[in-house]
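Number 1271 in my numbering belongs to position 538 of the sequence shown; there are no gaps in the numbering. Everything below concerns the one structure shown next.
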Amino acid sequence: MNLPEQLLSNAGYGRQKIRLLNRSLVLSIFFLLAMTCQLFGQTDKTVSGTVKDEHDRTLPGVNITLKGTPTGTTTDANGHYNLKVKTGQGILIFSFIGYASIEESINNRTTINISLAGSQKELNEIVVIGYGTVKRRDLTGAVASVSGKDIAATPVPNIAQAMQGKLPGVNITSQDGRPGAGVNIRVRGGTSISQSNQALVLIDGVPGNLNDIPGDQVESIDVLKDASSAAIYGSRGANGVVLVTTKSAKAGKTNVSYNGYVKINRPNKYLQALNPYDYLQYVWANAAANGSAYQTPFEQLYGLGANAGSNSGGIESYRNLATDDIQKQAYKQSVSWNHALTITGGTDKTKVLFSATYSDDEGMKLQSYQRRATAAFKLTQKIFDNVTFDINTRYANTPTLGDEGVTSGSGSILSSAYRFRPIATNHILGGLSALTASNNISQYGKNALWDSYSPVARISDYDPLSLSSNFVGIASLNWVIIKGLTYHTDFSGNGTWTQRKYWSGATYNGYIDDATGNKLYAGNADYRKNDSWGLRWANTLGYEFNINKDNKISLLAGTEFFNSGGTGISIQANYFPSNFTEQTAFAQINQYDRTKNSFAFSSSVNTPDRLNSYFARAMYNFMDKYLLTLTFRADGSSRFAGNNRWGYFPGGAFAWRISQEPFMKNVNWVDNWKLRASFGAVGNNNIPTGLNTQSWGSVTDPRNQYDINHTTLAAYSLSNPNVLSNPNLKWETTITRDIGTDFSLFGDKLSGTVDVYWNTTKDVLTQTTIPGVTGFTYTYANIGQISNRGVELSLLGTVFKNQNWRVTAGGNITFNKNKVDKLADNVTGLYGSSWAGSATYPASDYQLVVGRPVGLVRGLTYDGFYTPNDFTYNNGLYTLKTGVPDLTSVSGGVAHGLATGTDRPTGQIAYPGLPKYKDLNNDGKIDDKDLSVIGNTTPKFTGGFNISVAYKNIDLGLNFNYSVGNDIYNANKLASLYGPKEGGVYENKLAIMANAYKIYNVVNGQLVRLQTPEEFNAANANADLPLANSETGVTSTLGIEKGSFLRLNTLTLGYTVPKSALKKVGIGSLRVYGSVYNLLTITGYSGLDPEVGVNDNANSSPYPTTGYDFGSYPRARSFVVGVNLNF
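Below, the structure is given as structure tokens:
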């Protein structure tokens, strides 16, 4: 058995291990259920009551525990509880995060009502910061938070979707609508000129992926936005830090909760293509412009013109024909569902939580899905009164089918489905033999005309299956050495195992004999396996003490060490024998056609990535009015060499609680008012490993080894032959400055924050091209400086409240101004999207400009189209008038159907109907000198707002998000104006092309070439787009649209069943709900969706192609019905 076959065999063994693991997991669940049911029994006396806060509001979720026993419960949605105890004696402990715990003796009472109060009025929220927590009232930095309750109220597969519009200064967009699509999280505009401006996501302190955490397992999410709060994370906090805290085990009797929903996903919108009649008019003319070799078989196929045959009606036979929209076959309604089970319980010494989820997210695209199974286990064990040991583990297994990824170039099959003919086969009235005849339809019309090559057929013949497994384990020990002095250590390990088996068959690859329809080859196989691991060990020593009642100090010092690595293999083999199946090909992967040099094998061992860190924090509180926080972190990264290895990141913040001053004593309507100011630095080492030195590796492919004296020796080559190492790389550093205020007014009925910030990123790290004479393509360098300045405002208020009603509303808005401050002398700042491949003009349609924002689109300024009035007409010849600029070979390209010397003079490109552009330098020709910035994809402001209404047991929630002032680069629209010869001749176009300029017209059923100005003017009186028959894909203002939008992201209506109705069936609480996602979008954008993410695959560009819309997987409108159940 050769090496590739061994690897595939081992992959099968891995699947067997996964199946055994899943069986063990099921047995463990049943064992845990049996154990907990025996451990926590029923008792015989009931104590009941209601728990409220200091404002007489009922508190759901309060923990009530009988001290010293495992007996306990929690309050329901109305703050009520019932607890069975063995005797009338004992002590009940009432605890709730953010409130002071109370111990209450039973003393034979059966009713005990409790009021919990915070030490201060805004002590209703604990905020997670780096390596610890702090009361929100004591915050000195800029931190935005969302509670687990708000996350769980929006049941979505990815919790990032539930965060949209709820965090000021945090812009969250999904890349597209695929199941499991990636999410972009940008804090305060992003700090770098690179594709990856992603915030660091830490789940219980360990780097992770938001996709791996079910929403109902989230306790809280806190986003650190300024350096004073994020500097404690040093190099990892440059783009902001998202801290996700998952729910912990609670003491008390066993609690079992189930959350489940079913979701119906429907396409929100389809691209509108030409109907059958308009399609025939357009393509007929386009085929004629390309010559009779294209026109004649097209006429034969549809029964048109001189080749109408038995179709006596000609083109008029298609006028009222219904459109056969292939999009609706390739992309349609789907069903998804999710189940989540959580079991928690224990004593005051031992607490256990187990959760498991399973989701099946069927994609709207034909033959696609993502299925995810997760399991989590938490154990908190009090070893001694001052020593606690915790275990936190989670596992996720995710198979995905049909993921084409973020599209670029010509787009995905799905995105190009509208280009297929809109006429069903049984409605074609000409000769179907034209499809198989030896002509240009046979050669170039397959993807647009042939059923066997339709998007549905090609998608059905494409089987991209991937399996990803991820495990995270955390073990920690907390030791209170003496009062106030605490040592904490935690060790974590994580592993990710991914396998990818992509099979593309004969139809997908075009391996079909057109004459016989037989397969020439079975298809292509692509197998890849990547394993990665990471280890982390963190130690902190904290000391909190009071010098006296007015002076409080909290100190923290720690170390943290990271080490990670990975391995990978890749096997690609093409042209398998025609009798092979997908399974046969992967089992016998060495049976490819060796005559075509169609095999590639590679293996890799990632350069180890190590980070050693030392950090400290000091917090000083004087009289609960003046708060000072100082932080410092030193990071040593293996990604840098020599003297540049270490980075040093200080931070500081000061806060003044004005509301505590004596002069505010009589201002009763101000509950809390605090001013904040911060300054600090964070770093970024987000570049690939191994760039500080040139790496070499042995060549394992036997074809590239050599023989000396009958001894086979391995050849050596550069590990990455395209990249030149740079030992002078140094840390990218972001300096942040922030001034803010937090306030709470009118008895906490109105609260909010306001922040003004200014961030400067120096020594920006990114990829940059270098001259080809070096033998390399690109290198990495520190190329410049960018800045972000902005203002954030967040408000939350109670609009109305009485015994039955409660109406609250909240909103946030962020104004951010991004700017490139400096670029190195050798950096042009030009980069491209390549939406028309090599025919895109300009090739660099994005540009970084000093003094302007990142994400500028570069192109020509559209100025309508040429009309006969721009020319002097003489016997069929159109000569440009003096002063009218002409197109050039770069801006006009090859326009089909126009003869030089007959239709236009030699050397002239312009002709009636062709697009006209502004001659910015007035030199009489349209070329590179007329290119300018034509679009700015950065919004002027973004935000969101929400409204919550509750009437008795009924609740209604609405969540909105919006973006204002940004442009969208609509390459889908420009692609319809791009008319390449051969493969593009017979393609359908967007419906907007029905009013494009014509140089051919249908007269009495025949296609006639227009000639005179009068004919042009009459046929194009209503034309609003230019003639689309150029082989150059020109980027111009015609493709730039306003991208502002307001979206109703979620609407949820729920009902909580009264507890009295549930007692008899043993249910603690039950809530049913219905939700609609993506219900309403108000926008002027003509594309599928104005919420366009960053395309991180566009031409492999290192810079952000923001606002770029081409071939995106559309988002769905979803309808959800779900239930939250507690026993």
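Note that the Cβ used here is the ideal one computed from N, Cα and C, for glycine as well.
query: Please classify W1236: is it buried, with 16 or more other beta-carbons within 10 angstroms of its beta-carbon, or exposed?; result: buried
query: So, under 8 Å CB-CB, V1590 and S1763 are touching, yes? Tell me the CB distance rounded to an integer number of Å.; result: V1590 to S1763, Cβ: 20 Å. No contact.
query: Quick one, are the C-beta atoms of A1129 and T1107 less than 8 Å apart?; result: yes
query: Report the start-end ranges of each beta strand (DSSP E) in the segment 1644-1677 that is 3 residues or longer and not cut off at the edges.; result: 1648-1650 and 1665-1669
query: Give the straight-line distance between the Cα atoms of T1789 and R1804, rounded to the nearest whole angstrom.; result: 4 Å
query: From the DSSP output, in three-state form, read off G897 for me.; result: Inspection of the sequence shows that residue 897 is occupied by Gln rather than by Gly. Reduced to three states, the DSSP call for Q897 is coil.
query: Could you tell me whether the segment 1692-1705 touches the segment 1743-1759, using the rule of 3 or more Cβ pairs below 8 Å?; result: no
query: Going by alpha carbons, who is nearest to F1674 out of G898, T987, S1166 and W1389?; result: G898
query: Please tell me whether N1279 has its Cβ less than 8 Å away from any Cβ of chain D.; result: Structure shown: chain D not included; a single protein chain is present.
query: Output the distance between the C-alpha atoms of R1191 and S1149, rounded to the nearest integer angstrom.; result: 12 Å
query: Cβ of V1854 within 8 Å of Cβ of V995?; result: yes
query: Considering only residues of the segment 1325-1382, which uninterrupted beta strand (DSSP E) runs meet the minimum length of 3 residues and lie entirely inside it, listed in chain order?; result: 1332-1338, 1342-1355 and 1359-1370
query: Rounded to whole angstroms, what's the CA-CA distance from S1681 to L1529? Just pull it up for me.; result: 11 Å
query: For a test of the three-state rule: what should DSSP assign to W1017, helix, strand or coil?; result: helix
query: Note down, in chain order, each residue of its chain lying with its Cβ closer than 7 Å to the Cβ of E1032, except the 5 sequence neighbours on either side.; result: G1038, A1039 and N1040
query: I'd like the list of long-range same chain contacts for T776, defined as Cβ closer than 6 Å, with 5 residues on each side in sequence excluded.; result: Unreliable placement is indicated for T776, whose pLDDT of 45 sits below 50; no coordinate value is reported for it.
query: Rounding to the nearest angstrom, what Cα-Cα distance links P1823 and G1776 in this structure?; result: 6 Å
query: To which residues of the same chain is A1063 closer than 7 Å at the C-beta, ignoring the five residues directly before and after it?; result: K1098, L1099, L1147, A1150, P1188, V1189 and I1192
query: Report the rounded CA-to-CA distance for S1101 versus K1234, giving the unit in angstroms.; result: 14 Å
query: Within its chain, find whatever has a CB closer than 6 Å to the CB of Q1739; leave out the 5 residues flanking it on each side and keep chain order.; result: G1038
query: Flag this pair as yes or no: are the beta carbons of I905 and V951 separated by less than 8 Å?; result: no
query: Please report how far the alpha carbon of T1493 lies from the alpha carbon of K1407, in whole angstroms.; result: 26 Å
query: Report the three-state DSSP secondary structure of F763 (helix, strand or coil).; result: Confidence at F763 is low in this model, with a pLDDT of 39, below 50, so the placement of that residue should be treated as unreliable; the coordinate-derived value is given next. Helix, per DSSP.
query: What are the start and end residues of each continuous beta strand (DSSP E) run of 3 or more residues lying completely inside the segment 958-1012, in chain order?; result: 974-979 and 985-1000
query: Of all the options L1462, A877, N1071 and Y1841, which has the alpha carbon lying nearest to the alpha carbon of L1821?; result: Y1841
query: Taking S1092 as part of the alpha helix (DSSP H), name the residues at either end of that continuous run.; result: Careful: S1092 lies outside any alpha helix (DSSP H), inside the beta strand (DSSP E) at T1083 to E1095.
query: Can you find the residues in the same chain that come closer than 6 Å, C-beta to C-beta, to S1297, ignoring five residues on each side of it along the sequence?; result: G1267 and D1342
query: Since I believe D1619 is in contact with K1658 (beta carbons under 8 Å), could you give me their beta-carbon distance rounded to a whole number of angstroms?; result: 5 Å
query: How far does the alpha helix (DSSP H) with P1197 in it extend, from its first residue to its last?; result: Segment Y1195 to I1215 is the beta strand (DSSP E) holding P1197; no alpha helix (DSSP H) there.
query: Taking the CB atoms as reference points, tell me whether E837 and I847 lie closer together than 8 Å.; result: yes
query: When burial is assigned at 16 or more other CB atoms within 10 Å of the CB, is N1728 buried or exposed?; result: exposed
query: Are three or more beta carbon pairs between the segment 1647-1654 and the segment 1785-1800 nearer than 8 Å?; result: no
query: Would you kindly report the start and end of the unbroken beta strand (DSSP E) that includes I824?; result: I824 to F829
query: Using the rule of at least 16 other Cβ atoms within 10 Å of the residue's Cβ for burial, across every protein chain shown, is M1397 buried or exposed?; result: exposed
query: For I1815, count neighbouring C-beta atoms within 10 Å of its own C-beta (all shown protein chains included) and say buried if the count is 16 or more, exposed if not.; result: exposed
query: Just how far apart, CA to CA, sit Y1241 and E1720?; result: 18 Å
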